[in-house]
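In our numbering, the protein residues as written are 3 to 88.
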């Protein structure tokens with residue numbers, strides 16, 4: 003029951019943060035919301051893994067967390083410097 007409640011709360015959070023990513027007042031707010039969205043999705047995947055008892059979903063959560071971190075760094079660097087790589 004607690005896992006189902008947590009799934010609902012995190013799913014609602016994903017929807018609200020998606021709205022902030024799409025309608026953020028500035029690029030900094032959008033990048034921060036995108037980072038929070040990736041964290042929420044990793045938590046959602048972990049909760050799904052607990053509920054379904056599938057360990058494979060945790061691998062997907064790990065890959066998603068790495069991609070979320072790298073994309074946040076790349077977007078921030080592009081915003082500050084104007085390019086991602088040298």
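Beta carbons: idealized from backbone N, C-alpha and C, even for Gly.
Note that the structure is predicted; figures quoted are calculated from it, not measured.
Rounded Cβ spacing between residue i and residue j (contact assumed at less than 8 Å)
i: residue 33; j: residue 81; result: 7 Å
i: residue 53; j: residue 14; result: The Cβ separation is near 17 Å, so there is no contact.
i: residue 42; j: residue 12; result: 6 Å
Residue i versus residue j: straight-line alpha-carbon distance, rounded
i: residue 84; j: residue 60; result: 34 Å
i: residue 44; j: residue 22; result: 18 Å
i: residue 19; j: residue 56; result: 27 Å
i: residue 90; j: residue 71; result: With the chain running from 3 to 88 in the structure shown, residue 90 is simply not present.
i: residue 4; j: residue 46; result: 14 Å
i: residue 26; j: residue 62; result: 28 Å
Nearest candidate by alpha-carbon position, reference residue i, set the options
i: residue 30; options: 13, 73, 77 and 7; result: 77
i: residue 7; options: 36, 26 and 50; result: 50
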